[in-house]
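Enquirer:
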Amino acid sequence: MPSILPVAVGVAAATYLLLVALLHFTQDAKEPSSISDTIPFVTPIINMVSKGGAFHRLMSDGNADSRDKYNLPIYTLRLPGSRMYVVNSPQLVTAIQAQFRSLSFTAIEANIAANLLGCKKSTIDIISADVTKDEGYLMSFPKYVHSALSAGPGLDAMNRRAVQVLAKSLDEWSQKGATKIQLWQWARHELLLASTEGVYGPKNPFRDPAMEEAWYTFEPKMMMFILKLFPRIFAKESFKAREYMVKVWEEYFAAGWYQQGSELVKARVKINNDFHIPLMETARIEVAGSQAILTNTLPGTFWVAYHIFSDPVVLESIRHELSKGVQQDDDGTCTIDLAHVKSSCPILLSTFKETMRMYSVSTATRIAMEDYRLNDQYLFKKGSTIMMPSAVQHTNPSVWGDTVGEFNHMRFAPGSKRVNPVAFRGFGGGTTLCPGRHFASTEILMFSALLVLRFDLHPVDGKWVAPTTANSSMVSAMPVPDWDINVEMRPRNNKEWRVSFSGYERGMEIAAEDIKGATPNAEH
């Protein structure tokens with residue numbers, strides 16, 4: 001009886017040769033170069049599973065062998081039945097963002113909505129219709145929410161409400177004296193309540209601790225829903241949490257409580273009404289609305305606080321520039337104006353943006369709706385996926401210099417070396433640019449400002465240790481810490497503090513699209 005080993009080796013060799021031939025004959029020479037194909041169609045899967053969210057960064061890491069080996073502005077990953085084009089070049093990112101119809105994000109949104117939210121087929125049909133046309137639901141959405149999230153009365157009202165909630169809560173913490181807290185749990189609770197109060201108003205469902213807990217249960221398992229990995233079976237608690245939130249949102253909308261909320265939530269109800277989406281389905285869609293409000297804000301606040309208080313130089317620099325805007329009355333009451341924090345604290349803003357650069361792991365994604373030739377150079381096959389990982393842009397030494405791997409709180413401050421604004425992807429860009437970035441940024445900056453002015457934070461163990469982030473959800477735009485930090489929060493004085501809101505309607509320069517002339521007019 002012949003040995004099975006030679007047979008197995010022969011089969012493996014034949015399979016390998018078949019895969020090599022298949023790759024060769026199906027990879028167009030005009031497509032971006034294919035990499036990670038030692039075993040065609042298999043090696044990319046192995047690498048993505050083993051390296052997780054770091055895969056794309058490692059494929060373009062300036063200090064790794066991979067950069068020396070490939071050094072590509074864009075490359076192809078061939079997967080079984082699909083193609084993935086990964087973009088490293090900021091110039092190509094800009095070009096891709098301009099082609100928002102041929103290279104569509106809304107087509108991806110429609111698929112995510114179908115899997116994540118559990119909407120009825122009739123609702124998905126509405127959401128999925130005309131995904132590249134201006135009259136379609138998803139292409140219309142930015143127009144509905146634009147005024148609520150752009151500089152003006154709608155955004156001012158949300159900012160005012162959220163900041164008032166934060167200020168009141170810090171008043172209460174100050175009255176407790178020195179208190180031990182777990183920084184991550186504490187910060188995410190404070191910002192979750194403030195964010196949702198700003199959006200949903202006095203009937204905010206997140207005032208109920210059960211709603212807050214449901215969110216924390218659902219969010220880490222969202223990828224199970226998106227990929228249709230049988231969440232009802234393998235993520236039972238998350239499935240129950242989603243359905244619980246849907247019921248709460250049904251009550252909120254049925255009672256008309258959204259009328260007391262922000263212009264943003266009213267706009268989201270209006271687009272659903274205009275497209276004849278029933279109230280029960282609006283409740284399901286609002287689960288995604290909550291995610292958009294919270295995904296960057298909660299972890300972003302934690303990491304900004306960590307980098308401010310763990311470095312005495314950063315802390316004193318920010319405290320000094322903030323103190324210039326503090327007005328003290330004869331009775332000792334201190335007032336800080338929101339306009340001062342937003343317009344006259346460049347070190348705080350730079351620290352915030354550097355935090356976003358260091359930690360953002362979001363990936364802007366597009367689907368090629370047709371065979372498309374980018375810049376008359378790179379061919380994108382119809383149905384392929386284009387990925388623009390922010391971690392790749394944020395770790396490119398040719399853009400950020402030799403200190404790319406170090407936290408530099410002055411990197412974005414006036415006088416520092418200017419870089420291509422498109423390389424900063426903390427809030428995405430183009431059609432995936434976060435419309436709520438000014439709301440989120442204002443919350444994080446104002447909370448950080450009040451914390452710096454009013455409190456000292458000291459680690460209970462005596463030393464600040466940066467948590468790892470290996471266990472974060474795959475859908476997180478910013479990773480959460482793997483462990484919490486026990487700190488003692490001590491009030492710096494017993495003075496009464498107030499926040500004033502003078503007229504300041506100019507938006508901050510958070511993304512390239514906020515900077516005049518930084519992106520082409522064609523970009524959408």
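So for the sequence shown, UniProt numbering puts the first residue at 1; every next one is plus one. Even for Gly, the Cβ is constructed at its ideal location relative to N, Cα and C.
#1: Let's see if you can read the secondary structure: which residues bound the beta strand (DSSP E) around Lys180?
#2: Touch check for the stretch 225–235 and the stretch 155–174: three-plus C-beta pairs under 8 Å?
#3: Look up residue 526 in the DSSP assignment and give the residues it is bridged to.
#4: Are the beta-carbon atoms belonging to Arg160 and Phe501 less than 7 Å from one another?
#5: Alpha carbons only, please: which of Ile386, Met410, Val419 and Ser384 is nearest the one belonging to Pro397?
#6: I think His409 touches Glu354, with their Cβ atoms under 8 Å apart; what is that distance to the nearest whole Å?
#7: Mark Phe352 as exposed unless 16 or more other C-beta atoms lie within 10 angstroms of its C-beta, in which case mark it buried.
#8: So, with DSSP's three-state summary, where would you put Asn471?
#9: CA-CA distance, Leu294 and Ala113?
#10: Helix, strand or coil, according to DSSP, for Phe455 in the structure here?
#11: Phe105 to Gln99, Cα distance in whole Å?
#12: Kindly indicate which three-state DSSP category Arg425 falls into: helix, strand or coil?
#13: Using C-beta distances below 7 Å, list every residue in its chain close to Val7, excluding the 5 sequence neighbours before and after it, in chain order.
#14: Look up Arg478 in the DSSP assignment and say whether it is helix, strand or coil.
#15: Would Gly300 and Ile510 be called neighbours here (beta carbons separated by less than 7 Å)?
#16: Would the stretch 277–288 and the stretch 370–385 be scored as touching if the rule is three or more Cβ pairs under 8 Å?
#17: Can you give me the Cβ contacts of Val269 inside the same chain, cut-off strictly under 8 Å, excluding the 5 residues immediately before and after it?
#18: What does a CB cutoff of less than 6 Å around Val262 pick up in its chain, not counting 5 residues either side in sequence?
#19: Using 8 Å as the threshold, is the stretch 451–460 in touch with the stretch 479–492, meaning 3 or more CB pairs across them?
#20: What are the start and end residues of the alpha helix (DSSP H) that includes Pro312?
#21: Measuring CA to CA, which of His189, His146 and Arg492 is closest to Leu433?
#22: Pop quiz: Val392 and Asn88 are said to be a contact at Cβ under 8 Å. What is the actual Cβ separation, rounded to whole angstroms?
#23: Since Met387 sits in a beta bridge, which residues does DSSP pair it with?
#24: Sorted by chain position, which residues of the same chain lie with C-beta nearer than 7 Å to Phe407's C-beta, five sequence neighbours on each side aside?
#25: Looking at the secondary structure, which residues open and close the alpha helix (DSSP H) in which Gln291 lies?
#26: Glu109 by DSSP, collapsed to three states: which one?
#27: Please report the distance separating the alpha-carbon of Leu103 from that of Ser441.
#28: For a test of the three-state rule: what should DSSP assign to Trp497, helix, strand or coil?
#29: Of the residues Asp482, Arg492, Leu451 and Ala449, which one's Cα is nearest the Cα of Val465?
#30: Using the beta-carbon count (16 or more within 10 Å), is Asn296 buried or exposed?
#31: I need the straight-line Cα distance from Glu31 to Leu191, nearest angstrom please.
#32: Roughly how many angstroms lie between the CA atoms of Phe380 and Ile108, to the nearest whole one?
#33: Buried or exposed, going by whether 16 or more other CB atoms sit within 10 Å of the CB of Ile233?
#34: Among the residues of its own chain, which have a CB less than 6 Å from the CB of residue 542, if the five just before and after it don't count?
#35: Give the C-beta separation of Thr132 and Met446 to the nearest angstrom, bearing in mind that I take them to be a contact with Cβ-Cβ under 8 Å.
#36: Under three-state DSSP, which class holds Ile74?
Expert: Looking at the coordinates:
#1: Thr179 to Gln182
#2: no
#3: Not covered by the structure: residue 526. The range shown for the chain is 1 to 524.
#4: yes
#5: Val419
#6: 6 Å
#7: buried
#8: coil
#9: 18 Å
#10: strand
#11: 10 Å
#12: coil
#13: none
#14: The residue asked about is misnamed: residue 478 is Met in this sequence, not Arg. The answer is coil: DSSP assigns Met478 none of H, G, I, E or B.
#15: no
#16: no
#17: Phe253, Tyr258 and Thr282
#18: The residue you asked about is not Val; residue 262 is Ser in the sequence shown. Here the set comprises Met158 and Val199.
#19: yes
#20: Pro312 to Ser323
#21: His146
#22: 5 Å
#23: Val86 and Thr365
#24: His307, Glu354 and Met358
#25: Leu279 to Leu294
#26: helix
#27: 29 Å
#28: strand
#29: Asp482
#30: buried
#31: 45 Å
#32: 16 Å
#33: exposed
#34: This structure gives no information on residue 542, because the portion of the chain shown stretches from 1 to 524.
#35: So it is not a contact: roughly 38 Å between Cβ atoms.
#36: strand
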